[in-house]
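Each remark here refers to the structure printed beneath this line.
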Amino acid sequence: MDPQNSYSIAPPAPLPGGHFNVPRSVEDLYTPRFVRGVGRDKAGLCPICYEPKARGGAGKAEWLSMKFSAFNYHMQYAHGISPTTQLPFSPPIAFRRIDRKANHKNEKLQLLEGQCHRCHDWMPVEGVKCVEAKLKEIYWWKHAAQCHKGSTIEGETDVHLVDDFSAQVREAYRLAQNQAQQQASSASASSTSVTRPRAVASAESNSLPTTALFTTTPLR
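The C-terminal position of the sequence shown is numbered 259 in our numbering, with every residue numbered one higher than the one before it.
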């Protein structure tokens with residue numbers, strides 16, 4: 040069954056350029072769906088930013104260098120996505136407020152902390168200055184990136200937006216994977232590169248939406 044002919048995904052977004060890059064799984068929120076360039080010039084399209092604003096994205100094409108870790112940094116510290124699990128970092132398991140001595144009139148007298156599920160330490164989840172942070176989660180994400188190492192809270196679920204669109208994406212991936220398995224099983228026994236035929240990647244790129252699969256549920 041050919042997914043691009045047998046299953047229709049609602050009107051696709053304009054192609055962002057580059058070539059389709061197969062994600063590690065349908066749940067993968069980290070891997071860029073499109074990449075361009077090679078070597079030092081290789082860049083990946085952020086799958087979260089490319090989502091429409093209605094689904095939690097920015098509605099723009101954000102290309103980031105994959106050679107110099109710009110893509111990795113952006114995914115971890117702009118979106119809180121772990122490169123190990125390809126899912127959002129687990130949030131704190133508990134919160135508390137502690138008193139502190141302010142060294143300046145613009146510093147807080149109390150600080151909010153969150154407890155980590157992995158190391159069980161209490162870590163600041165806000166800055167000491169009496170100003171609104173542009174991205175409140177950044178304090179927690181920095182700790183999670185250093186500490187979690189792929190660990191998540193046991194039983195943690197509901198990290199994807201579930202709607203009709205996501206159901207269509209899952210079905211398209213299922214059909215594309217079935218096609219890949221059928222082509223692999225019928226390939227010549229002498230062939231050693233059958234894990235992801237080029238034809239399948241092409242079929243996926245045409246049958247899947249050009250936006251990311253889902254948006255994460257924000258902690259804020």
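We put the beta carbon where it would ideally sit given N, CA and C, even for glycine.
Residue 169 and residue 147 look like a contact to me (Cβ under 8 Å); what is the Cβ gap, rounded to whole Å?
Position 130 of the sequence shown, counted from the start, is the residue given in the question as residue 169. Position 108 of the sequence shown, counted from the start, is the residue given in the question as residue 147. Separation of the CB atoms of residue 169 and residue 147 is rounded to 6 Å, and the pair is thereby assigned contact status at 8 Å.
Using only CA atoms, which one of 218, 150 and 173 lies nearest to residue 118?
Residue numbering aside, residue 118 sits at position 79 when the sequence shown is read from its first letter. That would be 173, whose Cα lies nearest to the Cα of residue 118.
Roughly how many angstroms separate the alpha carbons of residue 109 and residue 179, rounded to a whole number?
Position 70 of the sequence shown, counting from 1, holds the residue named residue 109. Position 140 of the sequence shown, counting from 1, holds the residue named residue 179. Answer to the nearest angstrom: the Cα atoms are 19 Å apart.
Could you tell me the alpha carbon to alpha carbon distance between residue 62 and residue 149, rounded to whole angstroms?
On the sequence shown, residue 62 is found 23 positions in, with the first residue counted as 1. On the sequence shown, residue 149 is found 110 positions in, with the first residue counted as 1. Taking the straight line joining both Cα atoms gives about 43 Å.
Determine which residues share a DSSP beta bridge with residue 102 and list them.
The residue given as residue 102 occupies position 63 in the sequence shown. Its beta-bridge partners are 84.
Distance, Cα to Cα, residue 184 vs residue 85?
Walking along the sequence shown from the start, residue 184 turns up at place 145. Walking along the sequence shown from the start, residue 85 turns up at place 46. For the pair residue 184 and residue 85, the Cα-to-Cα distance works out to about 18 Å.
C-alpha distance - residue 68 paired with residue 164, whole-angstrom precision
Position 29 of the sequence shown holds residue 68. Position 125 of the sequence shown holds residue 164. So the two alpha carbons sit approximately 23 Å from each other.
DSSP on residue 154, reduced to helix/strand/coil?
Along the sequence shown, read from residue 1 onward, the residue named residue 154 stands at position 115. Reduced to three states, the DSSP call for residue 154 is strand.
As a quick exercise: from 130, 145, 206 and 113, pick the residue whose alpha carbon is nearest that of residue 166.
As a first step, residue 166 is located in the sequence shown; it is residue number 127 there, counting from the start. The shortest C-alpha separation from residue 166 is found at 145.
Output the residue ranges of the alpha helix (DSSP H) runs that lie fully inside the stretch 185-225 and measure 4 residues or longer, sorted by chain position.
For the stretch 185-225, whole alpha helix (DSSP H) runs of length 4 or above, ordered along the chain, are 203-225.
Backbone secondary structure at residue 114 - three-state DSSP:
As a first step, residue 114 must be located in the sequence shown, where it is residue number 75. The answer is helix: DSSP assigns residue 114 an H, G or I state.
Where the beta strand (DSSP E) through residue 138 begins and ends
Taking the sequence shown and counting its residues from 1, the one referred to as residue 138 is at position 99. 133-138 is the span of the beta strand (DSSP E), which, as asked, contains residue 138.
Continuous beta strand (DSSP E) stretch holding residue 55: start and end:
Taking the first residue of the sequence shown as 1, we reach residue 55 at position 16. Looking at the DSSP string, residue 55 is not in any beta strand (DSSP E), and its letter there is neither H nor E.
Please tell me whether residue 121 and residue 156 are closer than 8 Å, where the distance is taken between their beta carbons.
Locating residue 121 in the sequence shown gives position 82, where the first residue counts as 1. Locating residue 156 in the sequence shown gives position 117, where the first residue counts as 1. No, these two residues do not count as a Cβ contact at 8 Å.
Return the first residue and the last residue of the beta strand (DSSP E) that residue 74 is part of.
Position 35 of the sequence shown, counting from 1, holds the residue named residue 74. Start and end: 73-75.
What would DSSP say about residue 92, mapped onto helix, strand or coil?
Locating residue 92 in the sequence shown gives position 53, counting from the first residue. Helix at residue 92.
Backbone secondary structure at residue 147 - three-state DSSP
Locating residue 147 in the sequence shown gives position 108, where the first residue counts as 1. In this structure, residue 147 counts as coil in the three-state DSSP scheme.
In terms of residues, what are the limits of the beta strand (DSSP E) holding residue 163?
Reading the sequence shown from its first residue, position 124 is the one you call residue 163. Counting along the chain, residue 163 sits inside the beta strand (DSSP E) bounded by residues 161-163.
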